[in-house]
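Student:
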Amino acid sequence: MRLSTLLLRALLLTAVALGLAQWWALREAELATQRFAYQWQAYGQLRYDSLWVNLWGTGVLRGVSLQPNGLTQATLGTPLDYRITAREVRIDRIDLADDHSLERARIRLIDLSLPMSDGYRLRGRDVPPALSALGYPSLELQASFDIRSLPQSKLLLVDGQLLGADSADLRFDLQLDATPAQLANAPDQVGLRKLQLDYRDRGLMGRYLDRRATELGIGREIAPEVLIGLLDQRAKREKWRWDTASAAALRGFIRDPRGFRVVLDPPAEVILRNLNLYEVGDWAPLLGFRFQALAPEAAATKP
Numbered sequence: 002m003r004l005s006t007l008l009l010r011a012l013l014l015t016a017v018a019l020g021l022a023q024w025w026a027l028r029e030a031e032l033a034t035q036r037f038a039y040q041w042q043a044y045g046q047l048r049y050d051s052l053w054v055n056l057w058g059t060g061v062l063r064g065v066s067l068q069p070n071g072l073t074q075a076t077l078g079t080p081l082d083y084r085i086t087a088r089e090v091r092i093d094r095i096d097l098a099d100d101h102s103l104e105r106a107r108i109r110l111i112d113l114s115l116p117m118s119d120g121y122r123l124r125g126r127d128v129p130p131a132l133s134a135l136g137y138p139s140l141e142l143q144a145s146f147d148i149r150s151l152p153q154s155k156l157l158l159v160d161g162q163l164l165g166a167d168s169a170d171l172r173f174d175l176q177l178d179a180t181p182a183q184l185a186n187a188p189d190q191v192g193l194r195k196l197q198l199d200y201r202d203r204g205l206m207g208r209y210l211d212r213r214a215t216e217l218g219i220g221r222e223i224a225p226e227v228l229i230g231l232l233d234q235r236a237k238r239e240k241w242r243w244d245t246a247s248a249a250a251l252r253g254f255i256r257d258p259r260g261f262r263v264v265l266d267p268p269a270e271v272i273l274r275n276l277n278l279y280e281v282g283d284w285a286p287l288l289g290f291r292f293q294a295l296a297p298e299a300a301a302t303k304p
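Residue numbers (the numbering used here): 2 to 304.
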C-alpha cells in the first residue's frame with residue numbers, strides 16, 4: 002500500500018475521531034448547561050441562541066438572556082418582563098466535581114445590557130433616583146467573574162469586575178459562607194465573610210449631582226455641600242454607628258467623586274437575610290463597614 006494512501010486514511014480516521022469528540026463535547030456541554038439552568042432557576046430563566054464548546058474545555062454561549070424571577074425579581078423589584086441580555090458569555094474555564102457541582106469557573110460577559118426603566122430600582126429606604134432618571138435607558142457593561150468553591154471550608158470566592166464606559170467601573174472580591182448548592186437552593190442562608198468593592202467613576206456621579214441639584218433647585222457648584230448636609234442629617238436621624246474615618250471619606254468622595262473602596266468585614270458570620278432585623282444605624286458595625294476615598298489610579302488597581 003502506498004504511503005500517501007496510508008496517510009490519507011490516517012487523516013480521515015483522525016477527522017472522524019475529532020468529529021465524534023466534538024459531538025460528544027457539545028452533547029456534554031448542552032447537558033451541563035441544562036443542569037446549570039435547572040439548578041439556578043430560582044434566580045431566573047436562562048435562555049441562549051447557540052452554544053459552542055472547544056475540546057480543551059472552553060466555550061461560548063451566544064444570544065444569552067436571563068429573566069429574573071422568584072426571590073431575585075422580588076428583591077430587585079424588576080418588572081415581570083424584565084430581561085438581562087449579553088451578546089456572548091465566554092467560559093474560559095470550568096471545573097466540575099463528581100456530583101457536577103461547580104468547583105472553579107472563569108466567565109466573561111460580552112456586551113452585557115441591564116435595561117433601566119422608571120419602575121425599576123432597588124428597593125430600600127430613601128433610595129437614589131432610578132438610573133433611567135440619570136439618562137441611562139440601560140447599563141451597557143463588560144463583565145468577568147472568577148468563581149472558586151472550597152467545599153471543605155464551605156466557602157465560595159468570587160472575584161469580578163463590571164466595566165461601564167459611560168457609567169462606572171466596579172471591581173470586587175467577595176467571600177461567602179456557602180457552597181454552590183446552597184447558593185442555588187437556599188440563598189437566604191448564605192453568610193457574608195468579606196467583601197472589598199472598588200468603584201471608579203466614569204460619569205455616573207456627575208449625572209447624579211446634576212440631577213440632585215435640579216431636584217433641590219440649587220446651583221450645581223454647591224450641590225456637594227448640600228448633599229453632605231442631607232447625609233449628615235440622615236446619619237443623625239437613623240443613628241448610624243459608623244467610624245469617623247469612613248464618614249470623612251464619604252464626604253470627601255461627594256466633593257470629588259472619582260473613586261472609592263468599600264470593605265465589609267463582619268466580626269462574625271452574617272446571614273444576609275437577617276439584615277432587615279436590625280436598625281439601619283447598626284448595619285455598619287454589624288457588617289464591619291469601612292469606606293475609603295481613592296484616586297482614579299488606585300481605584301482601578303487591586304492591592
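We put the beta carbon where it would ideally sit given N, CA and C, even for glycine.
Mapping DSSP to helix, strand and coil, what is Pro286?
Tutor: On the sequence shown, residue 286 is found 285 positions in, with the first residue counted as 1. DSSP places Pro286 in helix when its eight states are reduced to three.
Student: Considering only the beta carbon of each residue, do Ala144 and Leu158 sit closer than 7 Å?
Tutor: One-based indexing of the sequence shown puts residue 144 at position 143. One-based indexing of the sequence shown puts residue 158 at position 157. Cβ atoms of Ala144 and Leu158: not closer than 7 Å.
Student: What residue range is occupied by the uninterrupted beta strand (DSSP E) comprising Ser139?
Tutor: Taking the first residue of the sequence shown as 1, we reach residue 139 at position 138. Per DSSP, Ser139 belongs to the beta strand (DSSP E) from Ser139 to Leu151.
Student: Measure the alpha-carbon distance for Arg109 versus Arg238 and round it to whole angstroms.
Tutor: Walking along the sequence shown from the start, residue 109 turns up at place 108. Walking along the sequence shown from the start, residue 238 turns up at place 237. Arg109 and Arg238: Cα-Cα distance of roughly 42 Å.
Student: Roughly how far, in whole angstroms, is the beta-carbon of Val61 from the beta-carbon of Trp53, given that I think they are within contact range, below 8 Å?
Tutor: Here residue 61 refers to the residue found at position 60 when the sequence shown is read from its first residue. Here residue 53 refers to the residue found at position 52 when the sequence shown is read from its first residue. Val61 to Trp53, Cβ: 5 Å. Contact.
Student: What is the C-beta distance between Lys240 and Gly282, in whole angstroms, given that I count them as a contact (C-beta under 8 Å)?
Tutor: Translated into positions along the sequence shown, residue 240 becomes position 239. Translated into positions along the sequence shown, residue 282 becomes position 281. That pair is a contact at about 4 Å.
Student: Of the residues Asp167, Ser139, Pro181 and Arg212, which one's Cα is nearest the Cα of Leu97?
Tutor: As a first step, residue 97 must be located in the sequence shown, where it is residue number 96. Closest by alpha carbon: Pro181.
Student: Using C-beta distances below 8 Å, list every residue in its chain close to Ser114, excluding the 5 sequence neighbours before and after it, in chain order.
Tutor: Within the sequence shown, numbered from 1, the residue matching residue 114 stands at position 113. Correct list, in chain order: Ile85, Thr86, Ala87, Ser139, Leu140, Glu141 and Leu142.
Student: Rounded to whole angstroms, what's the CA-CA distance from Ala187 to Ala236? Just pull it up for me.
Tutor: As a working note, residue 187 is residue 186 in the sequence shown. As a working note, residue 236 is residue 235 in the sequence shown. For Ala187 and Ala236, the distance between alpha carbons rounds to 33 Å.
Student: Alpha carbon to alpha carbon, how far is Ile92 from Ala106?
Tutor: For the purposes of this step, residue 92 is taken as residue 91 along the sequence shown, with counting starting at 1. For the purposes of this step, residue 106 is taken as residue 105 along the sequence shown, with counting starting at 1. About 7 Å.
Student: Under 7 Å Cβ to Cβ from Thr73, same chain only, skipping five residues before and after it: list those, please.
Tutor: Numbered from 1 along the sequence shown, position 72 holds the residue referred to as residue 73. Excluding positions up to five away in sequence, the list reads Tyr44 and Gly45.
Student: What residue range is occupied by the uninterrupted alpha helix (DSSP H) comprising Gln162?
Tutor: Within the sequence shown, residue 162 is the residue found at index 161, counting from 1. Careful: Gln162 lies outside any alpha helix (DSSP H), inside the beta strand (DSSP E) at Leu156 to Leu164.
Student: For Asp147, collect the residues of the same chain with a Cβ closer than 6 Å to its Cβ; drop the 5 residues on either side in sequence, then sort them by chain order.
Tutor: Along the sequence shown, read from residue 1 onward, the residue named residue 147 stands at position 146. So the qualifying residues of the chain are Arg107 and Asp160.
Student: Closest to Leu273 by C-alpha separation, out of Tyr49, Ala169 and Lys195, would be which residue?
Tutor: The residue labelled residue 273 in the question sits at position 272 within the sequence shown. It is Lys195 whose Cα lies nearest to the Cα of Leu273.
Student: Work out the CA separation of Val227 and Ala234 for me, nearest whole Å.
Tutor: Taking the sequence shown and counting its residues from 1, one reaches residue 234 at position 233. Taking the sequence shown and counting its residues from 1, one reaches residue 227 at position 226. A small correction: the amino acid at residue 234 is Gln; Ala does not occupy that position in the sequence shown. Distance between the alpha carbons of Gln234 and Val227: 11 Å.
Student: Please list the segments of the alpha helix (DSSP H) lying wholly inside the stretch 47-118, counting only runs of 4 or more residues, in order along the chain.
Tutor: You should have 71-77.
Student: Three-state secondary structure (DSSP) at Gly207?
Tutor: Along the sequence shown, one-based indexing puts residue 207 at 206. Correct three-state label for Gly207: helix.
Student: In terms of DSSP beta bridges, what is Ile272 paired with?
Tutor: Translated into positions along the sequence shown, residue 272 becomes position 271. Beta-bridge pairing links Ile272 to Gly192.
Student: By alpha-carbon positions, which one of Ser102, Arg221 and Gly78 ends up nearest to Leu151?
Tutor: Position 150 of the sequence shown, counted from the start, is the residue given in the question as residue 151. Checking every option, the nearest Cα to that of Leu151 belongs to Ser102.
Student: Here's the rule: buried if 16 or more other CB atoms are within 10 angstroms of the residue's CB, otherwise exposed. What is Ile95?
Tutor: As a working mapping, residue 95 is identified with position 94 in the sequence shown. Ile95 comes out buried.
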